[in-house]
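Those sequence lines, one after another, are chains U and F.
According to this note's numbering, the stretch in the first sequence is residues 1 to 158, in order.
According to this note's numbering, the stretch in the second sequence is residues 159 to 316, in order.
Cβ atoms here follow ideal geometry from the backbone N, Cα and C, with glycine treated the same way.
Let me begin by presenting the structure, written as structure tokens, before commenting on it.
Number of protein chains: 2
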Amino acid sequence: MDDNPTPGRTIRRHAADDRGWDEVELRPYKEDERGLFRSVTRQVLFSDPRLAGELRYFEVAAGGFTSLERHEHMHAVVILDGRGHCLVGREVAAIEPTDLVTVPPWTWHQFRAGRGVPLGFLCLVNAERDRPQLPTGQELAALRADSAIAAFLSGDPD
Amino acid sequence: MDDNPTPGRTIRRHAADDRGWDEVELRPYKEDERGLFRSVTRQVLFSDPRLAGELRYFEVAAGGFTSLERHEHMHAVVILDGRGHCLVGREVAAIEPTDLVTVPPWTWHQFRAGRGVPLGFLCLVNAERDRPQLPTGQELAALRADSAIAAFLSGDPD
């Protein structure tokens, strides 16, 4: 009963080339012509039918940003490397390693690396979850009506 | 719909005194007379009824160790700071930052800091889960029959 019933390895190491973890598929975000995201990689570190949550690692290159989106499911984020800003609802905040960020349901959010520095973070999410919604043109205009959010979206946070 | 419906703060910072995160209760493990754990603190970083998983941060002082236990639910662990060894099933391994450790169901496990260095790690767990079992004297003797496990449990891993 105390033997390891999981196929695959119990302990996995970060790759020597510093591009992420061994034996974990590195998934580049595709580029988006609307500019809703750019230069992000994603790795699912833990996912198992016996785990109700999933833990993913995102790395945003300098000047890159994750998708501006919202959804029913929550995000729980731990900043691990680098520096940047995030938008959560109407709040724009500088973020750095060890910061904890909670993204509640149906809340617009985006994570942006600094211009000269990447941003790496872990994100806990429910294994079963709904698909993200992207903003309509009208919703994007409503967000940009807030000058702090407009500055964030243009890559020039206060 | 995009306002923040969560009471409490969206972004939380690590405390300046380096004892953990602000506004997150720091829970010392109690000491155990059987020596099954020692010198560990625990912080639940993310827990919400809308999250099926929970993310906790454990810090094991130099020479300390977490409870030797097993249970139905899984653990998914990311080593963040320091150095040490872990036991998972019958495997003893050195662990260091960025290592990923999977603890399958019903698998004996323990995390030990080095003698002169603490060990900090994140642990993803299902929000709903069963209570851990501690080993009986007989089960402990069976584990110690393996010389590598005996060395690990005595704080002298190979």
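Beta-carbon neighbours of residue i, restricted to chain U and to distances below 9 Å
i, result
"Arg-171 of chain F", "Glu-96, Thr-98, Asp-99, Leu-100"
"Glu-217 of chain F", "Under the 9 Å cutoff, chain U gives no residues; its nearest Cβ is about 13 Å from Glu-217 of chain F."
"Thr-224 of chain F", "Those do not exist, as Thr-224 of chain F stays about 16 Å from chain U at its closest Cβ, beyond 9 Å."
Nearest residue (CA-CA) to residue i, options the options
i, options, result
"Gly-274 of chain F", "F:Val-246, F:Gly-313, F:Pro-255", "F:Gly-313"
"Arg-42 of chain U", "U:Leu-51, U:Ser-67, U:Gly-63", "U:Ser-67"
"Phe-216 of chain F", "F:Ile-169, F:Val-236, F:Ile-307", "F:Val-236"
"Pro-290 of chain F", "F:Trp-266, F:Phe-279, F:Leu-280, F:His-243", "F:Trp-266"
"Arg-56 of chain U", "U:Gly-120, U:Cys-86, U:Gly-89", "U:Gly-120"
"Ala-309 of chain F", "F:His-243, F:Phe-195, F:Arg-171", "F:His-243"
"Pro-276 of chain F", "F:Pro-315, F:Arg-170, F:Asp-239", "F:Asp-239"
"His-14 of chain U", "F:His-172, F:Leu-301, F:Ile-253, F:Arg-208", "F:Ile-253"
"Gly-114 of chain U", "U:Phe-37, U:Pro-157, U:Leu-51", "U:Pro-157"
"Phe-65 of chain U", "U:Leu-143, U:Arg-129, U:Gln-110", "U:Gln-110"
"Arg-241 of chain F", "F:Val-218, F:Leu-209, F:Arg-208", "F:Val-218"
Straight-line gap, residue i to residue j (C-alpha atoms, nearest Å)
i, j, result
"Pro-135 of chain U", "Val-125 of chain U", "21 Å"
"His-73 of chain U", "Pro-105 of chain U", "5 Å"
"Leu-100 of chain U", "Ser-197 of chain F", "25 Å"
"Asp-146 of chain U", "Gly-211 of chain F", "34 Å"
"Thr-168 of chain F", "Ala-62 of chain U", "24 Å"
"Glu-91 of chain U", "His-75 of chain U", "15 Å"
"Val-44 of chain U", "Cys-123 of chain U", "9 Å"
"Gly-247 of chain F", "Asp-206 of chain F", "30 Å"
"Pro-97 of chain U", "Arg-12 of chain U", "22 Å"
"Ala-127 of chain U", "Phe-204 of chain F", "15 Å"
"Leu-153 of chain U", "Ala-93 of chain U", "12 Å"
"Glu-299 of chain F", "Ile-307 of chain F", "Residue identity check: residue 299 of chain F is Ala in the sequence provided, not Glu. The alpha-carbon atoms of Ala-299 of chain F and Ile-307 of chain F are separated by roughly 10 Å."
"Arg-302 of chain F", "Val-261 of chain F", "20 Å"
"Asp-288 of chain F", "Arg-50 of chain U", "13 Å"
"Leu-195 of chain F", "Leu-87 of chain U", "It is Phe, not Leu, that sits at residue 195 of chain F in the sequence shown. Between Phe-195 of chain F and Leu-87 of chain U, the C-alpha separation is close to 41 Å."
Exposure label - residue i; buried when at least 16 CB within 10 Å
i, result
"Arg-70 of chain U", "buried"
"Arg-270 of chain F", "buried"
"Gln-141 of chain F", "This structure cannot settle anything about residue 141 of chain F, because the visible part of chain F is limited to 159 through 316."
Cross-strand partners of residue i (DSSP beta bridge)
i, result
"Ala-93 of chain U", "U:Cys-86"
"Gly-211 of chain F", "F:Asn-284"
"Glu-227 of chain F", "F:His-267"
"Thr-260 of chain F", "F:Ala-234"
"Phe-204 of chain F", "F:Leu-213"
"Thr-133 of chain U", "The question names Thr, but residue 133 of chain U in the sequence shown is Gln. Per DSSP, U:Arg-70."
"Leu-277 of chain F", "F:Val-218, F:Gly-240"
Beta-carbon neighbours of residue i, restricted to chain F and to distances below 8 Å
i, result
"Leu-124 of chain U", "Phe-204, Leu-209, Gly-211, Leu-213, Leu-282"
Within chain F, the residues that residue i reaches when beta carbons sit closer than 7 Å
i, result
"Ala-219 of chain U", "Within the shown structure, residues of chain U are numbered from 1 to 158, placing residue 219 of chain U beyond reach of any answer."
Neighbouring residues, chain U, relative to residue i (Cβ below 7 Å)
i, result
"Ala-251 of chain F", "Ile-11"
Cross-chain neighbours of residue i in chain F, by beta carbon under 9 Å
i, result
"Ala-127 of chain U", "Ala-210, Gly-211"
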